[in-house]
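The opening position of the sequence shown corresponds to residue 2 in our numbering, with each subsequent residue numbered one higher. Note that the Cβ used here is the ideal one computed from N, Cα and C, for glycine as well. Notes for the one structure printed next.
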Amino acid sequence: MSVSNAQTSLVDRAPQFVHSKPVRDGRTRNNKARYALTVLAFLLPSAIPLVLFVLGPMVAAAWVSLNQWNLLAPMKWVGLGNYAKLLSDPITGDVFLHTVYYIVGYLPLVYIGGLALALALNTALKGRSFLRGIYFLPVVTSWIVVALVWRWLLSPSNGIVNSALAFFGVHGPGWWTDPHWAMPSIIIASAWKDLGFVMVILLAGLQAIPSDMYDAAKVDGAGWWRRLFSITLPLLSPSSFFVLVISLINGFQVFDQVYAMTGGGPNGASEVVVQQIYDLTFRYGRAGEASALSWMLFVVVLAVTVIQIRGQKRWVTYG
2 MSVSNAQTSL VDRAPQFVHS KPVRDGRTRN NKARYALTVL AFLLPSAIPL
52 VLFVLGPMVA AAWVSLNQWN LLAPMKWVGL GNYAKLLSDP ITGDVFLHTV
102 YYIVGYLPLV YIGGLALALA LNTALKGRSF LRGIYFLPVV TSWIVVALVW
152 RWLLSPSNGI VNSALAFFGV HGPGWWTDPH WAMPSIIIAS AWKDLGFVMV
202 ILLAGLQAIP SDMYDAAKVD GAGWWRRLFS ITLPLLSPSS FFVLVISLIN
252 GFQVFDQVYA MTGGGPNGAS EVVVQQIYDL TFRYGRAGEA SALSWMLFVV
302 VLAVTVIQIR GQKRWVTYG
């Protein structure tokens with residue numbers, strides 16, 4: 002083939018090389034667009050309720066927090082006045098302290114109790130499937146029902162708990178009628194209800210730990226407590242981290258049991274943040290302050306959660 006013929010052949014084929022890349026790029030863009038639409042179609046059933054019932058109300062609450070509003074009259078712009086008023090109100094500090102008091106008492110009780118149940122039901126115990134169902138039953142029971150039952154159990158006059166204490170010669174406290182015992186009463190009821198949830202999560206974590214590690218530890222002469230602190234708890238740390246994060250968030254949002262058992266009393270001794278938000282909105286008609294307080298609570302919960310997530314690398318063991 003001559004040189005001129007070779008050049009002509011290359012020129013004839015040049016358009017094919019020039020146009021092949023844009024075709025591939027067009028197909029790639031079409032595939033990416035099709036993939037994005039597919040993902041969006043699967044996300045829409047959950048994204049639409051998320052926007053309508055979570056993000057939308059949050060934005061609306063942020064706007065209301067900058068206004069003075071009694072739910073009936075038109076809003077009146079006050080800017081950051083609601084936040085300033087709440088920060089200078091001693092009741093705001095009290096309800097946050099009561100909430101922290103609840104969390105400090107609730108978290109250790111529910112975790113240690115759930116861990117004890119999980120360890121017990123992870124053994125070859127007869128009827129353990131039945132016991133797992135029994136312990137999990139309070140989790141799916143209505144909070145109002147549980148709170149009313151515990152209100153009756155802890156009744157100072159005719160409650161079963163004080164009657165049992167009297168049988169042993171112990172004078173029972175006033176429980177939810179006593180300002181000093183109102184919050185412990187709520188903590189006991191809350192921990193009892195949530196033990197089953199913590200048990201299930203930790204039990205799943207226990208069953209994921211290889212049995213070979215326990216066998217090797219036994220061969221080395223490690224006792225039960227040594228195996229607990231050297232194998233079980235370190236390898237259970239991911240499940241423990243999940244339980245602590247969820248329980249802490251739920252603890253900041255405690256309301257149902259407080260409302261049903263004490264109503265925030267006596268004398269405001271058990272009033273928590275969400276109870277104050279409810280009262281500001283529906284009892285006092287101060288929706289702007291209630292929205293501001295809800296955003297303050299959101300910021301606190303977000304900050305605590307971020308701290309937990311950042312600190313997990315120091316004590317959570319994966320793998």
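- Contact check for R133 against V220 fails: the beta carbons are separated by 9 Å or more.
- Taken in chain order, the complete alpha helix (DSSP H) segments of 4 residues or longer contained in the segment 158-226 are 161-168, 183-208 and 212-220.
- When secondary structure is reduced to three states using DSSP, K314 falls in the helix class.
- In terms of Cβ geometry, W176 and G160 form a close pair [threshold 9 Å].
- By the neighbour-count criterion, in which 16 or more other beta carbons inside 10 Å mark a residue as buried, L116 falls on the buried side.
- Taking all protein chains in view, the Cβ of N268 is surrounded by fewer than 16 other Cβ atoms within 10 Å, so the residue is classified as exposed.
- T282 places its beta carbon 9 Å or farther from that of S271.
- A straight line joining the alpha-carbon of S186 with that of N32 spans about 59 Å.
- Per DSSP, K127 lies in no alpha helix (DSSP H) and is assigned neither H nor E.
- Taking the Cα of T100 as reference, the smallest distance to any Cα among K314, L138 and V273 is reached at V273.
- Sixteen is the threshold: since fewer than 16 other Cβ atoms of the shown chains lie within 10 Å of the Cβ of A37, the residue is exposed.
- V199 places its beta carbon less than 9 Å from that of Y112.
- When DSSP reads this structure, Q69 sits in a beta bridge with K77.
- For N83, the uninterrupted alpha helix (DSSP H) run begins and ends at G82 to S89, by DSSP.
- Residues of the same chain with a CB within less than 8 Å of the CB of F137, apart from the 5 flanking positions on each side, are G197, F198, M200 and V201 in chain order.
- Residue range W144 to L154 is occupied by the alpha helix (DSSP H) that includes I145.
- With respect to N123, L204 sits close: the two C-beta atoms are nearer than 9 Å.
- Using a Cβ distance threshold of 9 Å, S295 and S66 count as a contacting pair.
- Exclusion of the five residues before and after L108 leaves L245, S248, L249 and G252 as the residues of its chain whose Cβ lies within less than 8 Å of its Cβ.
- From the listed residues L53, I49, M76 and S158, the smallest Cα separation to E290 is found for M76.
- Cα atoms of K127 and V40: separation of roughly 47 Å, rounded to the nearest angstrom.
- Within the model, the alpha-carbon separation for I145 versus M214 is close to 44 Å.
- Distances from the CA of I310 to each of D280, T93, S241 and V275 were compared; the closest alpha carbon is that of S241.
- Apart from the 5 residues on each side of it in sequence, L87 sits with its Cβ closer than 8 Å to the Cβ of T93, E290, A293, L294 and M297 in its chain, given in chain order.
- When rounded, the separation of the alpha-carbon atoms in W153 and T178 is 12 Å.
- A distance of 9 Å or more separates the beta carbons of L120 and T306.
- With respect to the 9 Å criterion, S191 and Q258 are classified as neighbours on the basis of their beta carbons.
- In the DSSP assignment, D257 falls within the unbroken alpha helix (DSSP H) covering D257 to M262.
- In the structure shown, Q254 adopts coil according to DSSP, grouped into three states.
- Relative to G266, the option among P58, L53 and A183 whose CA is nearest is A183.
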